[in-house]
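Below is one structure, written out as structure tokens; comments come after it.
Here is the structure:
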């Protein structure tokens, strides 16, 4: 910068407004002096209706902030915000697009046990027909069946659906133990070749 | 409320204790004190000694070697005092938190050994959020009241 330009800048700074932002300043992302820039990742928010409890967010959480607590008929998925780094891995991995990063950032919490420090969702669990242990959220079972029907090869549809009805409501361990009694169609790719 | 207590609430002095961590929260804390976000408009001043301070600001997870220093600095701050934990590490251990097996070098959050009054989570928190946290801390400082009463008890 040349010397006259420096002098001009100094003179102009006398007539410009002070640099300090007002507190709290605006929250409109399009404004120049906004608190929220575009694309800011803030507190994650979960849509309780969309969430099926598939544990995908739990598997990818880098800061171990997400926890799954299974208590009998209830599964609670909670994000502990003190440990959350807002990396948005859970948003990327969510198959139902239930998780979303909001632009909310300005919050402080007085105590560790405060409800504001957790993002919780409760889900109902399904119980096994034979051994009566809770093993899967009801919503997830329903959603998995829907997805299966969408992506299934039409040739094997009948066989798969008949098998599904036989296995429905049993936990994975019970299925394994009684695999011979169910009389399901194994090796479905052979069926494809026959037809 | 005496004149000293009123003065304390209107110009709390702040001591910044950096215990471990990646320096991200420290940069944000200093940005909050610098002219653009200017926390000094609330009368806050950064001091070099914990003996002069009213608010203790901690950032970062605490390494096990650093535990005695944190305790000593906390004890040096005169009553009434407020501790503000800034950043995910200082709040809950963040990425350094491990349940089983326990981390051999890092303890986690400072609230395992000193009482923390205000938590400012985020990785790293924005300067506005830090200002918000410090203002909450000032409110708690006002609620804690006089040092003289405590001496009588």
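Protein chains in written order, with the numbering used here: chain E, 146 to 340; chain R, 5 to 157.
Heads up, the beta-carbon is just placed ideally off N, CA and C, and yes, glycines get one too.
This structure is a prediction, so every number in the text was calculated from the model and none was measured.
Do you know whose CA, among 290/E, 241/E, 225/E and 291/E, lies nearest residue 259/E's CA?
-> The residue labelled residue 259/E in the question sits at position 114 within the first chain. Looking at the Cα atoms, 225/E is the closest of the given residues.
Status (buried if at least 16 other CB within 10 Å, exposed otherwise) for residue 69/R | Counting from one through the second chain, the residue named residue 69/R turns up at place 65. Label assigned to residue 69/R: exposed.
Going along the chain, which residues of its own chain have a beta-carbon closer than 8 Å to the beta-carbon of residue 315/E, five neighbours each way excluded?
-> On the first chain, position 170 is the one that residue 315/E refers to. The residues are 273, 274, 275 and 323.
Use the C-beta contact count for residue 40/R: other C-beta atoms within 10 angstroms, 16 or more gives buried, fewer gives exposed.
-> Working through the second chain from its first residue, we reach residue 40/R at position 36. The residue is exposed, with fewer than 16 neighbouring Cβ atoms inside 10 Å.
Quick one: list the residues of chain E neighbouring residue 115/R, beta-carbon separation under 9 Å, in chain order.
-> For this step, residue 115/R is matched to residue 111 along the second chain. In chain order: 257.
What are the start and end residues of each continuous alpha helix (DSSP H) run of 4 or more residues lying completely inside the stretch 66-134 of chain R, in chain order?
-> Secondary structure remark: continuous alpha helix (DSSP H) runs of at least 4 residues inside the stretch 66-134 of chain R, in chain order: 71-80 and 92-96.
Is the CB of residue 106/R under 8 Å away from at least one CB in chain E?
-> The residue labelled residue 106/R in the question sits at position 102 within the second chain. It does not: the Cβ of residue 106/R has no partner Cβ on chain E nearer than 8 Å.
Does residue 98/R get closer than 8 Å to chain E when you measure Cβ to Cβ?
-> For this step, residue 98/R is matched to residue 94 along the second chain. Cβ-Cβ to chain E under 8 Å: yes for residue 98/R.
What does a CB cutoff of less than 6 Å around residue 210/E pick up in its chain, not counting 5 residues either side in sequence?
-> Position 65 of the first chain holds residue 210/E. A distance below 6 Å between beta-carbons, with the five flanking residues on each side excluded, links residue 210/E to the following residues of its chain, in chain order: 224, 225, 228 and 229.
Note down, in chain order, every chain R residue with its Cβ under 7 Å from the Cβ of residue 228/E.
-> Residue numbering aside, residue 228/E sits at position 83 when the first chain is read from its first letter. Taking a Cβ-Cβ threshold of 7 Å, the residues of chain R close to residue 228/E are 92, 96, 97, 98 and 101, in chain order.
Residue 27/R CB to nearest chain E CB: under 8 Å?
-> For the purposes of this step, residue 27/R is taken as residue 23 along the second chain, with counting starting at 1. No, no contact with chain E.
Is residue 91/R closer than 8 Å to residue 128/R when the C-beta atoms are compared?
-> In the second chain, residue 128/R corresponds to position 124, counting from 1. In the second chain, residue 91/R corresponds to position 87, counting from 1. The Cβ atoms of residue 128/R and residue 91/R lie closer than 8 Å to each other.
Below 6 Å CB to CB, which residues in the same chain sit around residue 248/E once its five sequence neighbours on both sides are set aside?
-> Your numbering for residue 248/E matches position 103 in the first chain. For residue 248/E, same chain residues with a beta-carbon under 6 Å away, outside a window of 5 residues either side, are 181, 185 and 187 in chain order.
In its own chain, which residues sit with a C-beta less than 7 Å from the C-beta of residue 239/E, not counting the 5 before and 5 after it?
-> Your numbering for residue 239/E matches position 94 in the first chain. Listed in chain order, the non-local C-beta contacts of residue 239/E below 7 Å within the same chain comprise 201 and 202, local neighbours out to five positions each way being set aside.
Within-8 Å CB hit, residue 39/R to chain E | Your numbering for residue 39/R matches position 35 in the second chain. It does; some Cβ of chain E falls within 8 Å.
Examine chain R for any beta-carbon lying closer than 8 Å to the beta-carbon of residue 208/E, and answer yes or no.
-> Mapped onto the first chain, residue 208/E falls at position 63. Residue 208/E belongs to the set of residues whose beta carbon lies under 8 Å from a beta carbon in chain R.
Would you be able to state if there are at least three C-beta pairs under 8 Å between the stretch 49-59 of chain R and the stretch 94-114 of chain R?
-> These segments do not touch.
For residue 207/E, collect the residues of the same chain with a Cβ closer than 7 Å to its Cβ; drop the 5 residues on either side in sequence, then sort them by chain order.
-> Working through the first chain from its first residue, we reach residue 207/E at position 62. Answer for residue 207/E: 230, 232 and 234, listed in chain order.
6 Å Cβ shell around residue 195/E - same chain, five flanking residues per side excluded = Here residue 195/E is taken as the residue at index 50 of the first chain, counted from 1. Result list for residue 195/E: 241 and 243, in chain order.
Report yes or no: is there a C-beta of chain R within less than 8 Å of the C-beta of residue 254/E?
-> Position 109 of the first chain, counted from the start, is the residue given in the question as residue 254/E. For residue 254/E, the answer is yes, since a Cβ of chain R falls inside 8 Å of its Cβ.
Can we say the stretch 101-115 of chain R touches the stretch 134-142 of chain R, given the rule of at least three CB pairs closer than 8 Å?
-> Counting Cβ pairs under 8 Å, fewer than three are found: no touch.
Could you check the C-alpha separation between residue 133/R and residue 282/E for me, to the nearest Å?
-> Walking along the second chain from the start, residue 133/R turns up at place 129. Walking along the first chain from the start, residue 282/E turns up at place 137. A direct Cα-Cα distance of roughly 37 Å separates residue 133/R from residue 282/E.
Just the C-alpha distance for residue 102/R and residue 22/R, rounded to the nearest angstrom, thanks.
-> Here the question's residue 102/R lines up with position 98 in the second chain. Here the question's residue 22/R lines up with position 18 in the second chain. A straight-line Cα-Cα distance of about 21 Å links residue 102/R and residue 22/R.
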